[in-house]
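Below is one structure, written out as structure tokens, with a few remarks after it.
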Amino acid sequence: MAEGILCSIAEAILRKLSFFAVNEIQLATSFKKDLEKFNGTLSTIRAVLLDAEQRQVNHAVKDWLRKLKDILHDAQDLFDDLSAEALRQNLEAEWWLVTKVRNLFFCSEMGRRIVDIREKLEAISEERRAFHFREQVGYHLITKREETYSFVRFTEVVGRENDKNAIVELLLGNTEESLSVIPIVGMGGLGKTTLAQLAFNDDRLEGYFDLSVWVWVSDDINAKKIVQKIIEVVTGIGYFNLNMENLHRLLFEKLKGKRFLLVLDDVWNGNYVEWVGLKNLLTDGAKGSKILVTTRNKNSALIMRTVSLYHLAGLPDDDCWSLFEKWAFREGESARYQNLVIIGLQLVGNCGGVPIAIRALGSLLRWEREESYWLFLKNNEILDIPQMENDILPVLRLSYDQLPSNLKECFAYCSLLPKGQEFDKDTLIQLWMAQDFIQSSNSYQQLEDIGSLYFDELVSRSFFDVVSQNYKAEIVKCRMHDLVHDLAKSVAGQESLTVDFGTTSIFKSVRHVSFFGYHLIEDVKPLLKVSKLRTLLLPVILGRSLELLLNALLPCSIFLRVLDLSYSDIKYLPNCIGDIKHLRYLNLNGNNGIKYLPNSICKLYLLQTLKLLGCVQISYFPTNFSNLISLRHLVINSPRMHIWEKRIGSLTSLQYLRIVHCDKLVSLSEGMQHLTSLRTLHIHNCGKLISLPSSIGNFIALHNLEIVNCPKISFFEDWDLGLVSLRSLVIKGLPQLLTLPQGIECYPSTLQSLLIIDCLNLMTLPECLGNLASLKRLYISRCPYLPHLPDSFHHLTSLQVLQIDECPLLSTRCKREVGADWSKIAHVQEIYVDKMKILNITRRSFLVFGRRIRVICAVKLY
Numbered sequence: 001m002a003e004g005i006l007c008s009i010a011e012a013i014l015r016k017l018s019f020f021a022v023n024e025i026q027l028a029t030s031f032k033k034d035l036e037k038f039n040g041t042l043s044t045i046r047a048v049l050l051d052a053e054q055r056q057v058n059h060a061v062k063d064w065l066r067k068l069k070d071i072l073h074d075a076q077d078l079f080d081d082l083s084a085e086a087l088r089q090n091l092e093a094e095w096w097l098v099t100k101v102r103n104l105f106f107c108s109e110m111g112r113r114i115v116d117i118r119e120k121l122e123a124i125s126e127e128r129r130a131f132h133f134r135e136q137v138g139y140h141l142i143t144k145r146e147e148t149y150s151f152v153r154f155t156e157v158v159g160r161e162n163d164k165n166a167i168v169e170l171l172l173g174n175t176e177e178s179l180s181v182i183p184i185v186g187m188g189g190l191g192k193t194t195l196a197q198l199a200f201n202d203d204r205l206e207g208y209f210d211l212s213v214w215v216w217v218s219d220d221i222n223a224k225k226i227v228q229k230i231i232e233v234v235t236g237i238g239y240f241n242l243n244m245e246n247l248h249r250l251l252f253e254k255l256k257g258k259r260f261l262l263v264l265d266d267v268w269n270g271n272y273v274e275w276v277g278l279k280n281l282l283t284d285g286a287k288g289s290k291i292l293v294t295t296r297n298k299n300s301a302l303i304m305r306t307v308s309l310y311h312l313a314g315l316p317d318d319d320c321w322s323l324f325e326k327w328a329f330r331e332g333e334s335a336r337y338q339n340l341v342i343i344g345l346q347l348v349g350n351c352g353g354v355p356i357a358i359r360a361l362g363s364l365l366r367w368e369r370e371e372s373y374w375l376f377l378k379n380n381e382i383l384d385i386p387q388m389e390n391d392i393l394p395v396l397r398l399s400y401d402q403l404p405s406n407l408k409e410c411f412a413y414c415s416l417l418p419k420g421q422e423f424d425k426d427t428l429i430q431l432w433m434a435q436d437f438i439q440s441s442n443s444y445q446q447l448e449d450i451g452s453l454y455f456d457e458l459v460s461r462s463f464f465d466v467v468s469q470n471y472k473a474e475i476v477k478c479r480m481h482d483l484v485h486d487l488a489k490s491v492a493g494q495e496s497l498t499v500d501f502g503t504t505s506i507f508k509s510v511r512h513v514s515f516f517g518y519h520l521i522e523d524v525k526p527l528l529k530v531s532k533l534r535t536l537l538l539p540v541i542l543g544r545s546l547e548l549l550l551n552a553l554l555p556c557s558i559f560l561r562v563l564d565l566s567y568s569d570i571k572y573l574p575n576c577i578g579d580i581k582h583l584r585y586l587n588l589n590g591n592n593g594i595k596y597l598p599n600s601i602c603k604l605y606l607l608q609t610l611k612l613l614g615c616v617q618i619s620y621f622p623t624n625f626s627n628l629i630s631l632r633h634l635v636i637n638s639p640r641m642h643i644w645e646k647r648i649g650s651l652t653s654l655q656y657l658r659i660v661h662c663d664k665l666v667s668l669s670e671g672m673q674h675l676t677s678l679r680t681l682h683i684h685n686c687g688k689l690i691s692l693p694s695s696i697g698n699f700i701a702l703h704n705l706e707i708v709n710c711p712k713i714s715f716f717e718d719w720d721l722g723l724v725s726l727r728s729l730v731i732k733g734l735p736q737l738l739t740l741p742q743g744i745e746c747y748p749s750t751l752q753s754l755l756i757i758d759c760l761n762l763m764t765l766p767e768c769l770g771n772l773a774s775l776k777r778l779y780i781s782r783c784p785y786l787p788h789l790p791d792s793f794h795h796l797t798s799l800q801v802l803q804i805d806e807c808p809l810l811s812t813r814c815k816r817e818v819g820a821d822w823s824k825i826a827h828v829q830e831i832y833v834d835k836m837k838i839l840n841i842t843r844r845s846f847l848v849f850g851r852r853i854r855v856i857c858a859v860k861l862y
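Under UniProt numbering, the first residue of the sequence shown is numbered 1, with each subsequent residue one higher.
As structure tokens, this is what we get:
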């Protein structure tokens, strides 16, 4: 069995102790000895933790583990204080007298805390003897898989063809009815959403409906919310401040006289009055309009239906095995493991025909070929627990139990995410980093890369479903199935809380809190009684006094590591933010009323992520902004912002820098030459920018470079990139670009993706393009004067995807068999010209060209 969460916390502390430079802070010798004793005691406890966590059915053991966890969290907070102080001392070394005086007070306080925590740990270590725990060794290593699943394509869905045909026939029938409601009913995990997706994207519906809208409800029926979502999907604009009368008027304009298909996915409970009100708002379409509903609740379906319910059953035995085989074995591999097939058939029999359970079980076994492990799962008692409606599926719980300890922490944290909604991969990794869930075993591994491995592992084990990918075929957004989200909430326990409408209490022991949807100030005030909060996700709060509440709340939340105030409409950031010295993640996106950042923010020496997207009135950085020496991710977006390169250039830990709509930015000077750790640089919509620094060649770690809609940049012809690690280059909206920059041939072994878009005067692609031996994806769009591909193009033997759009001269030359450039590109596996497939491609395996890409998986292209 894999290790529990406490094992991960203990190991993180031991790892920090092993290399923590105590000498950087002048602690008394006795305090150093206290730390050494703490290390020894914790190592002793760590050896028995696996056995202890397996015996949590004993209430005394469970209570012992809870007390231990509190002590370990206190230790983490202590070491954070030590780390922050070490960074402060390094920065303020020149102020030696002030530093010396502060050290006297700091050392005294730290000494008392070290002694207190050591004594508590020793006491609880003595208590462990009464339980006679056995020493055990678990496993927690995460390595890069040779392949991972991202999402199940339509062609990989098993056993639902008859169900799909039945639903499609219902959608095409009843043409004389003004509005028909078709409910799909079944227990969680049966695949109601997948079935609706299959029908929604079926070719037979192409052109039949004038308007097709998919709304993920994931809640009780609320007419206003659903109307808002419909309008947002149709228009791309969120109208959250309109009253119902104005919303109805907008809805009427969009639906009048149109035959529409509306999918309401994952309806929880149907209130008759709310449903009648909503249905009356949807009667303005043409005859033959349909509403397809998915729900677990039969009573809700009966309230909403106008035709018979469609009861979705579990998969037949043959289909259950076929689905399991797809996930547990590589193609054709099962024939070599007949012993595992016999065990697998018995395991599948415990899944009750539920696809999500079968997928989870198959994912768990995909990399295991030891018969003993398969037998261990078959004989696991948890699979014998009868499945009750709305309970956690035993197979899902078993899959969680088999996760390595560090992944258990990461997964449990996902309970804070809003149920049923998409979440961003990079953002989630940043949140994990802020909580110290991601640990590097050596200095050569970047935390972001390890976090990506963690994330991909959770995808491969079917805890996350991929929603969208970028042009590099990398995962961008995911979603958790409702049952998986329920599992996350279950294992997170009282430490994590998502505050919904109607939440009545906030436990004092809570450490992670998220507010989603619209809330009032009164909903947040109970947090004033929570003393050890580590996460506060507080976007979109209604009311004008949030700043006053923050002034009261932040001094009570000194251990806060994550603070999300995005779109909360605050006008200023309280000065006391500088006292939250454990803070690692600060999201201020969408607060267009903030005019400045307080100087105190520069005391956040551990801050890793700062997001200012939409903070359009900020015009400068604080004087000591360069003190944020741990900053790794920075997003800047302000037309008034003066970019002080020296201040940014001193942020030597910076990994990701995104500069958006900085209209006063004319050039990036040599002050940024020290950003040698920078791996991603995005510069978007900077209308006055005329040049990048010639020292950009110093960005030796840069993997991704995007220059988008910067029309005055004109120096590419003489610019030597010299970026030895570059993997992806995006050039978009550069009308003065006549040819690609010199030096692009300098990285044949690194560059894998190249996008050239909206370069209206691009006249040629250089012959050196053929030297890019590692290039896998090339996209050329809206370059009308580009006459032909270079003769060296056939040397691009690694090229997998070529896409050419709205380039009339190129399109003609790339026609299959007859085009003048066809011989240059015929070797490419996937070719698209003007959104039409040319070779070796099925329409839905690369969904950027399909319709309704929001439903299964979308590929983001510029």
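Ideal Cβ placement from N, Cα and C applies to all residues, glycine included.
Checking the sheet assignment: what are the DSSP bridge partners for residue i?
i              : result
cysteine 478   : Phe423 and Val466
serine 514     : Thr498 and Leu537
asparagine 587 : Asp564 and Lys611
arginine 777   : Ser753 and Val801
lysine 732     : Val708 and Ile757
Would you kindly work out how many angstroms separate the C-alpha atoms of residue i and residue j, rounded to a whole number?
i                 : j              : result
glycine 578       : glutamate 127  : 39 Å
valine 157        : threonine 295  : 20 Å
leucine 734       : leucine 78     : 51 Å
glycine 285       : asparagine 201 : 21 Å
leucine 689       : arginine 658   : 14 Å
tyrosine 373      : isoleucine 696 : 52 Å
isoleucine 756    : leucine 810    : 13 Å
aspartate 436     : leucine 738    : 47 Å
phenylalanine 625 : isoleucine 601 : 8 Å
leucine 323       : leucine 68     : 42 Å
Helix, strand or coil for residue i? Go by DSSP, reduced to three states.
i                 : result
tyrosine 656      : strand
asparagine 299    : helix
residue 913       : Absent from the model: residue 913. The displayed extent of the chain is 1 to 862, so no value can be given.
serine 691        : strand
glutamine 617     : coil
tryptophan 367    : coil
asparagine 280    : helix
glutamine 54      : helix
serine 638        : coil
aspartate 436     : coil
tryptophan 268    : coil
phenylalanine 260 : strand
serine 626        : helix
valine 818        : coil
proline 183       : strand
glutamate 11      : helix
glutamate 830     : strand
threonine 235     : helix
isoleucine 506    : coil
According to the neighbour-count rule (16 or more other Cβ atoms, all chains shown, within 10 Å of its Cβ), is residue i buried or exposed?
i              : result
glutamate 409  : buried
lysine 33      : exposed
alanine 360    : buried
cysteine 7     : buried
methionine 836 : exposed
For the structure I just gave you, are there three or more beta carbon pairs, one from the region 782-797 and one from the region 757-770, closer than 8 Å? yes
Are three or more beta carbon pairs between the region 631-641 and the region 610-623 nearer than 8 Å? yes
Using 8 Å as the threshold, is the region 318-333 in touch with the region 426-442, meaning 3 or more CB pairs across them? no
Stretch-stretch touch, CB-based, cutoff 8 Å, three pairs: the region 475-486 with the region 767-782: no
Pairing CB atoms from the region 391-400 with CB atoms from the region 560-575, are three or more of them under 8 Å? no
How about the region 185-195 and the region 352-372: do they share at least three Cβ pairs that are nearer than 8 Å? yes
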